[in-house]
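Below: the structure, in structure tokens.
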Amino acid sequence: MFALVPCLLATLLVAAPVVAHPERPAEFPAGALGTPSYRFDGNTYVVCKPDSEARLQVLPEALRTRNEAVLDDCAFEHINEAIAEVEANGEQGSRILVMPGVYREEPYVGAVDPACLEIEPPADDEGGGIMDIGAIPLPPMQQHELNQQEDPTEDEGNNNPGALVLSYEQQRECPFLQNLIPILGDTDDDGVCDNNLCNLQIEGTGASPLDTVIDGDYSQLNGIRADRADGLYLRNFTVQRFEFNAVYIIESDGFVFEEMITRWNDEYGFLSFAVDHGLYQNCEGYGNGDSAIYPGSATDLNQEAGLFDDNEGLRFGTEIRGCRGHHNTLGYSGTAGNSVHTHHNEFDRNLVGAATDSLFPDHPGLPQDHAYFHDNLFHSNNTGYYERDLLAGKCTGPFSERDYDEGVVCPVVPLPVGTGLVLAGGNYNLFENNRFYDNWRQGTFQFFVPATLRGEDAPDKQFDTSNFNTWRGSTYGVNINGLAQPNGTDMVWDGEGEGNCWTDNVGIDGGAPTTAVGDGSGIFEVPGIPFPGCDPRPPFTPGPGIVTAAQCASYSRGSEPNPPGCNWFSTPEPPADRTPEGPTVDRLAGAERIETNLLTSRSAFPGQSANVVLATADNFADALAGAPLAAHLEAPLLITPTGGLDDRVAEEITRLGAQRVWLLGQTAALSDTVVADLEALGIREITRVGGANRFETATLIAGMIGSGNAFLVEGGDFASALSASAVGALVGRPVLLTSADTISPELETFLEGGLMVDIRLVGSAVSDAVMAELPVVQPRIVDIERTAGADATETSALMAELGVQIGQDDTELWIATVDNWPDALGAAAAAAVDEGVLLQVPSSLDGESPALDYITEKNAILEHIRIAGGTAAVSQEVEDTILTATGGATGDVRGDRSHGTFVSTGSVAPLPDVDAAYADVTGTATMVRTIHGTTEVEVLVEGMPANTFAPVHVHVGSCEEAGGDHFQFVPGGSMMPPNEIHPRFTSDAVGVGRGTDTAFAIAGNDARSVVIHDPDGNKVACAEFDGPEIPDGAATTPALASFMAPELGMGDDDSGMPTWLWYAVAGWILISLLLGWVPRRVRARRTS
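Sequential numbering of the sequence shown, starting at 1, is according to full-length UniProt numbering.
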């Protein structure tokens, strides 16, 4: 057996151009500082854009009040200006507040000292080397010139030079050569953060990360590069469209990435490297060519510690919690991801959910060890980006034209599509209490990696990975609602290593998970072999899983996108026995359009909503662009007659508890009588968004929520506009309107402002002449495409496919007629709540039907279908055809959620007989419970006394009872977090307070209210939550890490067969795999 190993290694090393994250030689920080805390004080610098004031209009009232006060202090238009001021004249611990807007930092793009364009490679001990960035290596001396080329040379055989890996000194000398926003904290290059940028806090001031956007437009490698920047705290903004990393921190002690989004980057979203005391919290990443989250070369604190269970209180260098990585090549990856604590996250709809490895050289801390994964979800990671995007030719040409912002992902590394989690050569890792389901190749895959791959050739190190990993207490093939959604095989292992064990894992119907010894392909594997238990842990055995890895190792996006013999890249078929067998079909049918619209609202918003968007029921003109606005506000889109507020609509607005109503259009669309009726309801704020015509109304909406890309539709083409609105609602992409044959004056004025750089025409009504005119009006618009079918139905189906590519959830489908607009209008906004797809259908699905083709294609995974409209709109014949095609059944889908979030809201009001200082407190409270096991509560109020600390607690009683007792995950337990939820805050100078607290558990339905106290503990204000209840049994308690967990059920009984027999069978399997004797199976049977 050992004689075969050199042959395997030789095979692997023949061609292995794939590299991970390249960087200069880096050292771990001393680790003496700790994780920074969020600060309300410190020297404050305000950054804003000319359109920030207009964007404030979409913020909640209290937050708008705060931002209006902050706007008066704005002194900078670019973030780099504020950073420079802090470094030159500020002090450590400063805060930079970045107001809503899109920040491209134009003065700093290309503003490089000419000497930097002639920079030489650093000495080997300071950096050195060339890194390939994607499939287009950037010539180091002409990097900025290449960025301007129309068609950069594609990587042919990896022979072209790439971007320089700079030393720290060179980064200081040329900070803008590769970085849009550099934060460099070490002045004298001694490895220590010593200037005024230490402990810097940068935060967006909007309601969500999408309000403040840093957009690279692929002009630089990195968005934010924080280098030796100890104590960095980044919060509440989005970073998008960079060639390498969106947010990058290296050689730093202490950082927090909180409430942030990174998206549409060629390689990484968030990346940390050689750091300590790092925290990723409540973050999101999607559309990245490598991974959303990359804690690579994390400080190797526990290299000598041995098993977790033998060590109490191990410290972690990086913690990742409450995050979601979806629609990337990987949700999470980390070469040398050591001492990383990853819990209560969701990794879904990627090519592979997560991977941690020892595959690549030049990473401090190899081989990987001591990661702790618990209470995470790994599901539905089956997106075949190799076939769908790379091999289809979508990954060539300039980055700005690759449609990354429309869901195209170009995988950087070779991986087995359809896998929940890959462990490639790690040691002493602990995986417990996770859930793996609906991964069509395998739930988990562990295989060994020889030391030669990390540049160590000593014979005694070649088998030093894939040892003493523990897999226990996890659930396989079952979603959170208890439905069977099988993995192809639950657990796959190459059979190599010492001390690896599996115990107390559960599969479908409470049985044992399916297992296979093999190479991760689903082809070369032997199913049904029980894996070894943990008492005793098994001795060393070599394994052959490296064979397939060798065949895939020559992968390169540019020169070898489909290596011969690599069978990881095809998307597997969905496993059999998935439940439900067919979707639930729910018709939301009113007697006429207003009643249908209200049923749609109640289905999507069973609880409260602080905002309502209102359009006329009599004409679609101003309403066409409304769905993205409604989605941005997390609001329903209702309709009422022009002449006055329909009584039923008034009742719905009251039920929703709305505090603000947005009117689409001028008085010709919604009259002053509607305004008077709303005022009579007691609506606090009425905002009219109405231009002189539909074209201007659309631009007003785009100016408040847009971040660089838009859909463009002819102003009378309601079907195409609503198809575009449903997709745009997901990612905040507005819909613009124009005339068929010429750009409308209103649109031309808006485009001249330079916000938009990417436009997709929808439908065929807008002429090619308009398409050609767009870059003339605005030269920055470089990516112009069109989606159009032979008719409106086919266009809708094509947009549905585009929506799924961008990130809509194809298990959720909304259907409306293509022949009229009111039902689809409400459905387009409602679909965004579930991240669902809108499909407009004709009166019949007979014959060739793009709509039926779409439904049939998604049949295996559809869970819910909502039909908006009665049989006069969507006929009974169409419904029957859908039921037959999908095997579905009619029913009510409300509350039947196996994905996404449960959002409950409430209005804050003063309690009776409160002190006069608190008599005007108003605002909102929001509780968001996620399926990956978190509960986040936010309180946003105004009318508080200025600069006042307010204790806040979640309670179990009503406001009439002043909240009753505190809510506790474990009743009778500690009165502090994590057993309670305390979104406390300190109000600002204008009396606005915003407090948040995240618990890493799902609060039960008895979490009913939020109570605000004054500094002396007196109750002053309260809000009751109103929203969907979570399913029975979904509530959880905080998982407090303990590494002295009892060894439950271990030993021979645990595996189902004696250890000696397992080795005998495993030995035969391994030899058979090498000699080709093993039968080939795609999926394993489930064992009992």
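Even for Gly, the Cβ is constructed at its ideal location relative to N, Cα and C.
Which residues in the same chain have their Cβ closer than 6 Å to the Cβ of residue i, if we skip the five residues on either side of it in sequence?
i: P1015; result: F949
i: W264; result: Q240, R241, G287, Y404 and D405
i: A792; result: A719 and V818
i: E877; result: none
i: R684; result: Q659
In the DSSP assignment, the alpha helix (DSSP H) including residue i goes from what residue to what residue?
i: F711; result: Per DSSP, F711 belongs to no alpha helix (DSSP H); it is in the beta strand (DSSP E), N709 to E714.
i: Y854; result: P850 to E857
i: D677; result: D672 to L681
i: R39; result: Careful: R39 lies outside any alpha helix (DSSP H) and carries neither H nor E.
i: E773; result: D768 to V777
i: F967; result: Premise fails: F967 is in no alpha helix (DSSP H) and is neither H nor E.
i: M704; result: R694 to I705
i: T600; result: R593 to A604
i: Y428; result: Here Y428 belongs to no alpha helix (DSSP H), and DSSP marks it neither H nor E.
i: P628; result: G626 to L633
i: E85; result: I79 to N89
i: I882; result: Q876 to T886
i: A246; result: Careful: A246 lies outside any alpha helix (DSSP H), inside the beta strand (DSSP E) at N245 to E258.
i: L802; result: A792 to I806
i: Y168; result: Y168 to E173
Hey, residue i and residue j are a contact pair by Cβ (cut 8 Å); roughly how many whole angstroms apart?
i: residue 1126; j: G753; result: Outside the displayed range of the chain (1 to 1088) lies residue 1126, so it cannot be described from this structure.
i: V874; j: A816; result: 7 Å
i: L210; j: I293; result: Wrong, their Cβ atoms sit about 19 Å apart, outside the cutoff.
i: V735; j: F711; result: 5 Å
i: V954; j: V990; result: Actually they are not in contact, since the Cβ atoms of V954 and V990 sit about 26 Å apart, beyond 8 Å.
i: A246; j: S297; result: Not a contact, Cβ separation roughly 18 Å.
i: D276; j: G317; result: 5 Å
i: P367; j: D464; result: 6 Å
i: I1012; j: V952; result: 5 Å
i: N505; j: R472; result: 7 Å
i: M99; j: C48; result: 4 Å
i: Y428; j: H379; result: That belief does not hold up - the Cβ atoms of Y428 and H379 are roughly 26 Å apart, past 8 Å.
Pick out whichever of the options has its Cα sitting closest to the Cα of residue i.
i: A630; options: S601, P25 and R648; result: S601
i: P530; options: R557, W493, P564 and G499; result: W493
i: S720; options: E203, L737, S744 and V762; result: V762
i: W568; options: G520, E592 and C534; result: G520
i: R655; options: G420, T640 and G1027; result: G1027
i: I250; options: D490, F28 and E961; result: F28
i: E794; options: G590, Y476 and S723; result: S723
i: G477; options: D189, T687 and T444; result: T444
Tell me the residue span of the beta strand (DSSP E) that contains residue i.
i: A516; result: T515 to G518
i: F270; result: Y268 to Q281
i: F718; result: Taken as a continuous stretch (DSSP letters only), F718 belongs to no beta strand (DSSP E), being part of the alpha helix (DSSP H) at F718 to V731.
i: T44; result: T44 to V47
i: V914; result: From DSSP, V914 is part of no beta strand (DSSP E); its letter is neither H nor E.
Looking at the ligand ATP, does it come within less than 8 Å of residue i, judged from the CB to the closest heavy atom?
i: G334; result: Within the structure as shown, the ligand ATP is missing, as the structure has no ligands at all.
For residue i, which residues of its own chain have a beta-carbon under 7 Å away from its beta-carbon, when the five flanking residues on both sides are left out?
i: D403; result: K394
i: L637; result: V613, A615, G626, A627, A630, L825, G826 and A829
i: T1037; result: F969, V970 and A1001
i: D1008; result: Reading off the sequence shown, one finds Arg at residue 1008, where the question assumed Asp. Excluding positions up to five away in sequence, the list reads H955, V956, G957, S958, E1024 and F1025.
i: I855; result: I882, A885 and T886
Given residue i, which residues of its chain have a CB within under 8 Å of its CB, disregarding the five upstream and five downstream residues?
i: A860; result: P574 and R578
i: M944; result: Y918, V921, A950, S987, G991, V992 and G993
i: L390; result: C410, P411, R557 and P561
i: D457; result: A451
>> Taking contact to mean 3 or more Cβ pairs, one atom from each stretch, closer than 8 Å, check whether the stretch 164-181 and the stretch 115-123 are in contact.
In response: Flag = yes, the stretch 164-181 and the stretch 115-123 touch.
> How do the stretch 316-330 and the stretch 272-284 stand: do at least 3 beta-carbon pairs fall below 8 Å, yes or no?
Replying inline: Taking 8 Å as the limit for Cβ pairs, the verdict is that the stretch 272-284 does touch the stretch 316-330.
> So, do the stretch 222-239 and the stretch 295-304 have three or more beta carbon pairs nearer to each other than 8 Å?
Replying inline: As far as the Cβ criterion goes, the stretch 222-239 does not touch the stretch 295-304, which means the pair count is below three.
>> I'd like to know if the stretch 575-583 and the stretch 467-487 are in contact, where contact means that at least 3 CB-CB pairs between them fall below 8 Å.
In response: Cβ pair count under 8 Å is three or more, so yes.
> Between the stretch 39-49 and the stretch 82-89, are three or more C-beta pairs nearer than 8 Å?
Replying inline: With the cut-off at 8 Å, the stretch 39-49 and the stretch 82-89 touch.
> Three or more beta-carbon pairs under 8 Å between the stretch 729-749 and the stretch 759-774, yes or no?
Replying inline: At 8 Å Cβ cutoff, the stretches touch.
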